[in-house]
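Residue numbers (our numbering): 1 to 231. First the structure, in the form of structure tokens, and then the observations on it.
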Amino acid sequence: VGSNTSDTPDTTGTPGTDDDHKVPNSNGSVDGLVAGGAGHDIVVGDIGGTSTNFIPGENYNIALVVDVSGSMAGSRLSMLKASLTHLANQLKDHDGEINVTLIGFAANASERVTIVGLDASNVSNLTNAIDALVANGGTNYEAAFNQAVQWFNNDSKAAPGYKNLTFFVTDGNPTYYLNDSNQVAGPGNSTTFEVIKESVDAFVSLSAISQVNAIGVTNDVNKDLLKFFDN
């Protein structure tokens, strides 16, 4: 019922001038704090900027696709590890089934760990793999997306019928791609048209089978570019 601004008490004394609620309070007012009535109310203050990624009871295949290129070294990698560890400990208590993989990418990409049926008994396998991440090398979006597609298409790791989610985390633009021989190619220090095209082509395959959430680390990421890798 609240607005997406701060639902603070009316400061002008004039109804309708501050922080109007989408639905009036029980006394008819649309300003100030969100208030319910005497009955059993369900009151939602506002939706903010968040969304629910995990629905209770749903089953998920989750690919954590994370940038471990050289620019991620230091505080960025520490922040990434802390965030992923926090997420892992949330996922272990999910009341549906979760299969999860950790894919690290730099100049190339590799599957670091897969856990089928994540829970409290095996979450340490995931957090240990997160803690072992080391930053080095360039940035290859195409290799990262291809690795995720391979994982989702492996029925022994990602169960058919589960909802597919990808969390793609990076701190920079792509500088490498994979050539026709599946070898790492590209300048390594700049983002050329060919690098972008190969990256986008690989993303198309991933986005066809998974919801992809692209997450930029610091302002070094070009938002106008990153939006092409989030569906």
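Note that CB positions come from ideal geometry on N, CA and C, so glycine has one too.
- With respect to A143, V100 sits apart: the two C-beta atoms are not nearer than 9 Å.
- Remark: three or more beta-carbon pairs, one from each stretch, lie closer than 8 Å, so the stretch 148 to 164 and the stretch 102 to 116 are flagged as touching.
- Straight across, the Cα-Cα distance linking V200 with L206 is about 10 Å.
- Going by C-alpha positions, A120 is about 15 Å away from L84.
- The straight-line gap separating the alpha-carbon atoms of A158 and Y60 is approximately 8 Å.
- In the structure shown, I98 falls within a strand segment according to DSSP collapsed to helix, strand and coil.
- Per DSSP, the unbroken alpha helix (DSSP H) holding F203 starts and ends at 193 to 207.
- Judged by pairs of C-beta atoms under 8 Å, the stretch 89 to 105 does not touch the stretch 179 to 195, as fewer than three such pairs exist.
- Across the set G57, S26, V65, P24, the C-alpha of V65 shows the shortest separation from the C-alpha of S210.
- By the CB criterion at 9 Å, T139 and S69 fall inside the cutoff.
- In the DSSP assignment, A132 forms no beta bridge with any residue.
- Per DSSP, the continuous alpha helix (DSSP H) segment holding V149 begins and ends at 141 to 152.
- Y141 sits away from F54, with the two beta carbons spaced by 9 Å or more.
- In the three-state scheme derived from DSSP, where H, G and I count as helix and E and B as strand, Q211 is classed as strand.
- Excluding the 5 residues flanking it on each side, A214 has same chain C-beta neighbours closer than 7 Å at F168, L226, F229, D230, in chain order.
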